[in-house]
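In what follows, a structure is listed as structure tokens, so that the remarks can point back to it.
There are 2 protein chains.
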Amino acid sequence: MDFGTEFKPVTVQPQEIEGLSFQMITEELGEHSFSALEYPIVQRIIHASADFELGRSLVFHPGAIEAGIHAMLQGKPIIADVRMVEAGIAKERIQRYGGEVRVHIADPDVVDEAKALGTTRAIIATRKACAQSPGGIYVIGNAPTALLELIRLVKAGAAQPGLVIGMPVGFVSAAESKDELRKLDIPYITNIGRKGGSTIVVAAVNALSLLAVRRAAGWLG
Amino acid sequence: MDFGTEFKPVTVQPQEIEGLSFQMITEELGEHSFSALEYPIVQRIIHASADFELGRSLVFHPGAIEAGIHAMLQGKPIIADVRMVEAGIAKERIQRYGGEVRVHIADPDVVDEAKALGTTRAIIATRKACAQSPGGIYVIGNAPTALLELIRLVKAGAAQPGLVIGMPVGFVSAAESKDELRKLDIPYITNIGRKGGSTIVVAAVNALSLLAVRRAAGWLG
Numbered sequence: 001m002d003f004g005t006e007f008k009p010v011t012v013q014p015q016e017i018e019g020l021s022f023q024m025i026t027e028e029l030g031e032h033s034f035s036a037l038e039y040p041i042v043q044r045i046i047h048a049s050a051d052f053e054l055g056r057s058l059v060f061h062p063g064a065i066e067a068g069i070h071a072m073l074q075g076k077p078i079i080a081d082v083r084m085v086e087a088g089i090a091k092e093r094i095q096r097y098g099g100e101v102r103v104h105i106a107d108p109d110v111v112d113e114a115k116a117l118g119t120t121r122a123i124i125a126t127r128k129a130c131a132q133s134p135g136g137i138y139v140i141g142n143a144p145t146a147l148l149e150l151i152r153l154v155k156a157g158a159a160q161p162g163l164v165i166g167m168p169v170g171f172v173s174a175a176e177s178k179d180e181l182r183k184l185d186i187p188y189i190t191n192i193g194r195k196g197g198s199t200i201v202v203a204a205v206n207a208l209s210l211l212a213v214r215r216a217a218g219w220l221g
Numbered sequence: 222m223d224f225g226t227e228f229k230p231v232t233v234q235p236q237e238i239e240g241l242s243f244q245m246i247t248e249e250l251g252e253h254s255f256s257a258l259e260y261p262i263v264q265r266i267i268h269a270s271a272d273f274e275l276g277r278s279l280v281f282h283p284g285a286i287e288a289g290i291h292a293m294l295q296g297k298p299i300i301a302d303v304r305m306v307e308a309g310i311a312k313e314r315i316q317r318y319g320g321e322v323r324v325h326i327a328d329p330d331v332v333d334e335a336k337a338l339g340t341t342r343a344i345i346a347t348r349k350a351c352a353q354s355p356g357g358i359y360v361i362g363n364a365p366t367a368l369l370e371l372i373r374l375v376k377a378g379a380a381q382p383g384l385v386i387g388m389p390v391g392f393v394s395a396a397e398s399k400d401e402l403r404k405l406d407i408p409y410i411t412n413i414g415r416k417g418g419s420t421i422v423v424a425a426v427n428a429l430s431l432l433a434v435r436r437a438a439g440w441l442g
């Protein structure tokens, strides 16, 4: 297709664009120590960010991928920290196994309680999610306070997440909240440093649900 | 607040977290050549990505910010390339002036036509937007083909965007599509390189709408 530009794209076929991108990522990334199950998640995060530094900063709890696949195939809910994350998750692959995506950040009761307590909506939304969605997949790309509150509840025995995808982005407490997550012996996917965000955690969820579909089809070991 | 972690956050007050973050960004960024109207957009993009390299890669057409403020205060529509972008835009500040956010990527007629023509939904969605939303603010964080098609339509005289926020992320044609955008003499906000994405363009729109509110209140020059 000719866009009338000096630059002529190699392809405008969606499947080809993705395939080419994934090849380029594998070539440029070169050597790494991610496992065969971890790599598809790293690859999709680099695809969503064009950021190899971010990709290399990912850290997986040893049981994370298996726990995530298990939770998805059991139809456990996915709890998104914000609406952008909810919007980005490929729903069909979640719903196929009875799961759904929940987001509490704008629930009227959450907004009211946060105001009354003078704290973040993210903290109150995390409390609500832990009460309503035990065993769920907790996806946090934004507020470090959501991740810190989840860590607090896990330590207190009040939350048993199926998997935590914790990659809040930011300057105040974001890197530190992830340092604390890595001290826990629960299934988590996280990264080292300040980077993260909605598009990054969405990439992780969508890569994981592709793995779940492959497992269900008997294509994974 | 004590999360039971070794790390104790300085604050969990949303306003304080944002203020502290913005201070840190200004200090770490140091010298730059962005104008007083451009800088709030750079700052919010760094806030959303924790990526100074990305912030420094931003390029503004000289008339971009004024054109964007004008379009917003005129209630021109904002056209988002994907649902995640739509979800992330702070709607209240857009609706205040009669504007709204539109997204066509999943419209049934767009899906059908893309399939029939063997091309991307992004291209067809761009054509639909240009026909329906002249003078709008076009926000592209994902498909380079959407940006290339918009460039083609502008060159052909078939599109007159009020502003183009063009920062598709990716490996195939993304950087090149932005190189082509920078050759046009129309209002644009873009960046150099592969990086970009939904959270980045959302940060730009939300920073711009804050500027529009300040202009309407008489707080900007």
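Chains as they are written, first to last, in this note's numbering: chain A, 1 to 221; chain B, 222 to 442. Glycine included, C-beta positions come from ideal geometry on N, C-alpha and C.
Local Cβ density within 10 Å of A346/B, reported as buried at 16 or more and exposed below that
By 1-based counting over the second sequence, the position of residue 346/B is 125. A346/B comes out buried.
Test: D272/B CB closer than 8 Å to a CB of chain D:
Although the question refers to chain D, the structure presented lacks it and instead comprises the protein chains A and B.
Pick from L117/A, A217/A, L210/A that is closest to Q43/A, judged by C-alpha positions:
Stepping through the first sequence from its first residue, residue 43/A is reached at position 43. For Q43/A, the nearest C-alpha among the options comes from L210/A.
Counting only runs that start and end within the segment 358–440 of chain B, where is the beta strand (DSSP E) found for 3 or more residues in a row?
358–361, 384–387, 409–412
In the structure shown, what three-state DSSP assignment does L250/B receive?
In the second sequence, counting from the first residue as 1, residue 250/B sits at position 29. Three-state result, L250/B: helix.
Quick check on F60/A: does DSSP put it in helix, strand or coil?
Here residue 60/A is taken as the residue at index 60 of the first sequence, counted from 1. Note: F60/A maps to strand in three-state DSSP.
Beta-carbon proximity list for P144/A, same chain, < 6 Å, skipping 5 on both sides
Counting from 1 along the first sequence, the entry for residue 144/A is found at position 144. Cβ neighbours of P144/A beyond the five flanking positions: P168, S173, A174, S177.
Distance check for A217/A and N427/B, CA to CA, integer angstroms please.
Mapped onto the second sequence, residue 427/B falls at position 206. Mapped onto the first sequence, residue 217/A falls at position 217. Rounded to the nearest angstrom, the two C-alpha atoms are 42 Å apart.
Assumed close pair T420/B, S198/A - CB separation to whole angstroms, cut-off 8 Å
Residue 420/B sits at position 199 when you count from the first residue of the second sequence. Residue 198/A sits at position 198 when you count from the first residue of the first sequence. Right, their Cβ atoms sit about 5 Å apart.
Under 6 Å Cβ to Cβ from Q15/A, same chain only, skipping five residues before and after it: list those, please.
Taking the first residue of the first sequence as position 1, residue 15/A is located at position 15. Hits under 6 Å: none found.
Answer yes or no: do G383/B and A288/B have a C-beta to C-beta separation smaller than 8 Å?
Along the second sequence, one-based indexing puts residue 383/B at 162. Along the second sequence, one-based indexing puts residue 288/B at 67. Cβ distance < 8 Å, so G383/B and A288/B count as in contact.
In the DSSP assignment, the beta strand (DSSP E) including R102/A goes from what residue to what residue?
As a position in the first sequence, residue 102/A is number 102, starting the count at 1. Per DSSP, R102/A belongs to the beta strand (DSSP E) from 101–103.
Going by the beta-carbon positions, is the gap between A308/B and R83/A smaller than 8 Å?
The sequence position of residue 308/B within the second sequence is 87, counting from 1. The sequence position of residue 83/A within the first sequence is 83, counting from 1. Yes, the Cβ-Cβ distance between A308/B and R83/A is below 8 Å.
Pull the bridge partners of A335/B from the DSSP assignment, please.
As a working mapping, residue 335/B is identified with position 114 in the second sequence. Paired residue(s): none; A335/B is not in a bridge.
Chain-order list of residues whose beta-carbon lies under 7 Å from that of W440/B (same chain, five-residue window excluded):
As a working mapping, residue 440/B is identified with position 219 in the second sequence. If we look at W440/B and ignore the five residues flanking it on each side, it has no Cβ neighbours.
Beta-carbon spacing of V322/B, I299/B below 8 Å
Position 101 of the second sequence holds residue 322/B. Position 78 of the second sequence holds residue 299/B. A contact, by the Cβ cut-off of 8 Å.
Please classify G296/B as buried or exposed, where buried requires at least 16 neighbouring CB atoms within 10 angstroms.
Counting from one through the second sequence, the residue named residue 296/B turns up at place 75. So G296/B ends up on the exposed side.
In terms of DSSP beta bridges, what is A301/B paired with?
Residue numbering aside, residue 301/B sits at position 80 when the second sequence is read from its first letter. V324/B, V360/B.
Just reading off the alpha helix (DSSP H) that T126/A is part of, what are its end residues?
Stepping through the first sequence from its first residue, residue 126/A is reached at position 126. Where T126/A is concerned, the enclosing alpha helix (DSSP H) stretches over 121–132.
Give the interface partners of R304/B over in chain A, defined as CB-CB distance under 8 Å, in chain order.
For the purposes of this step, residue 304/B is identified with residue 83 of the second sequence, where counting begins at 1. The answer, in chain order, is A87, G88.
Starting from the C-beta of V111/A, find all residues in its chain whose C-beta is less than 7 Å away, skip the five residues before and the five after it, and write them out in chain order.
Sequence index remark: in the first sequence, residue 111/A carries index 111 (1-based). Excluding sequence neighbours, V111/A sits near R121.
What residue does the alpha helix (DSSP H) around P261/B start on, and which one ends it?
Here residue 261/B is taken as the residue at index 40 of the second sequence, counted from 1. Per DSSP, P261/B belongs to the alpha helix (DSSP H) from 260–270.
Within 9 Å of chain B by C-beta, residues of the segment 154–177 of chain A in sequence order
K155, A156, V169, G170, F171, V172, S173, A174, A175, E176, S177
Three-state class that DSSP yields for M72/A in the structure shown:
Translated into the one-based positions of the first sequence, residue 72/A becomes position 72. Three-state result, M72/A: helix.
Do G166/A and T190/A have their C-beta atoms within less than 8 Å of each other?
Walking along the first sequence from the start, residue 166/A turns up at place 166. Walking along the first sequence from the start, residue 190/A turns up at place 190. The answer is yes: Cβ separation under 8 Å.
Kindly indicate if chain B contains any beta-carbon less than 8 Å away from that of R271/A.
Within the shown structure, residues of chain A are numbered from 1 to 221, placing residue 271/A beyond reach of any answer.
Please tell me whether D179/A has its Cβ less than 8 Å away from any Cβ of chain B.
Residue numbering aside, residue 179/A sits at position 179 when the first sequence is read from its first letter. Output row for D179/A: interface = yes.
Apart from the five residues just before and just after G319/B, which ones in its own chain have a Cβ nearer than 6 Å to its Cβ?
The residue you call residue 319/B lines up with position 98 of the second sequence. G296.
Taking 8 Å as the limit between beta carbons, can you name the residues of its chain near F3/A, skipping five residues before and five after?
Residue numbering aside, residue 3/A sits at position 3 when the first sequence is read from its first letter. So the qualifying residues of the chain are P9.
Between the Cα of P187/A and those of N142/A, G196/A, A71/A, G193/A, spot the shortest distance and give me the residue it belongs to.
What you label residue 187/A is simply residue 187 of the first sequence in a count that begins at 1. When only C-alpha atoms are compared, the closest one is A71/A.
Listing by chain order, which chain B residues have their CB less than 9 Å from the CB of I17/A?
As a position in the first sequence, residue 17/A is number 17, starting the count at 1. Result: T341, A364, P365, T366, G391, F392, V393, S394.
To be precise: take each residue of the segment 22–49 of chain A, compare its Cβ to all Cβ atoms of chain B, and keep it if any distance is under 8 Å. Which residues remain?
M24, I25, H47, A48, S49
List, in order along the chain, the chain A residues whose C-beta lies closer than 7 Å to that of L369/B?
Here residue 369/B refers to the residue found at position 148 of the second sequence. Correct list: F3, T5, P9.
Contacting residues, own chain, Cβ-Cβ under 6 Å from G196/A (five flanking each side not counted)
For the purposes of this step, residue 196/A is identified with residue 196 of the first sequence, where counting begins at 1. Within the same chain, G196/A has close Cβ partners G141, M167, P168, V169.
In chain B, what lies closer than 9 Å to I151/A by C-beta?
Within the first sequence, residue 151/A is the residue found at index 151, counting from 1. By Cβ distance, chain B contributes F224, G225, T226.
Just the Cα atoms here: how many angstroms apart are D272/B and A425/B?
If you number the second sequence from 1, residue 272/B lands on position 51. If you number the second sequence from 1, residue 425/B lands on position 204. Cα to Cα, D272/B sits roughly 14 Å from A425/B.
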